[in-house]
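Residue numbers (this note's numbering): 10 to 216. From the three backbone atoms N, C-alpha and C, an ideal C-beta is built for every residue, glycine too. Below is one structure, written out as structure tokens, with a few remarks after it.
The following block contains the structure:
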């Protein structure tokens, strides 16, 4: 095992660079048109009574009140679409990890690196750190949160299933907690994969 600072890396026999499967990043699918998404968000605003029909300030006109509701609906729709983009990236990463595990199992030099009965060993979360260490572009998506969302939802629920509190405030913390719990499932400290020993491509796929 090689220790650099506070990081522990597995040692890989030899000095060759190992080729991993490409990370296939799927493009945005055909989803509900934005205007319909905003309409569904508007229904959420009404059902959750996020904005009172009787504001404390009597000077607020009905037109101004409706504009506030519309602006909030747009905000919720935008947060939902951002969350869906994160979920899709997490889905791509988990599929890539599965393909990497198959590759490791097929190569003698890598086969034992993921065995939990050997120490030090890498784990599934080590592949997420590998993506970060390789500075893979994420389009602003936090990979750990993206994976956490995918672990939380097998399929992304429609916007009507979420509260405004989840969309605006809670989804990041829920995703982060899911990821950290998943990363600690092995009950021991997992070593990292040395980024200079691996190579892979990132391919952006159309929906």
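Within a 10 Å sphere around the beta-carbon of residue 174 sit fewer than 16 other beta-carbons, which makes this residue exposed. When the Cα atoms are used, residue 96 and residue 74 turn out to be separated by approximately 33 Å. Closest option to residue 133, judged by alpha-carbon separation, among 82, 119, 107: 107.
Burial check for residue 159: the Cβ neighbour count within 10 Å reaches 16 or more, so the residue is buried. Only residues of its own chain outside the window of five on either side were considered, and among them 204 have a CB closer than 7 Å to the CB of residue 143, listed in chain order.
Within the same chain, and ignoring the five residues on either side of residue 32 in sequence, the residues whose Cβ sits closer than 8 Å to its Cβ are 101, 102, 105, 140, 145, 209, 210, 211, 212.
Around the CB of residue 167, fewer than 16 other CB atoms lie within 10 Å, so the residue is classed as exposed. Residue 20 sits in coil when the DSSP states are folded into three classes, being neither helix nor strand. For residue 130, no alpha helix (DSSP H) run applies, since DSSP gives it neither H nor E. Under the three-state reduction of DSSP, residue 122 is assigned to helix. Within the same chain, and ignoring the five residues on either side of residue 47 in sequence, the residues whose Cβ sits closer than 7 Å to its Cβ are 82, 83, 86.
Shown here, residue 33 sits in a strand according to DSSP, grouped into three states.
Take the alpha-carbon of residue 181 and the one of residue 30: they are about 29 Å apart.
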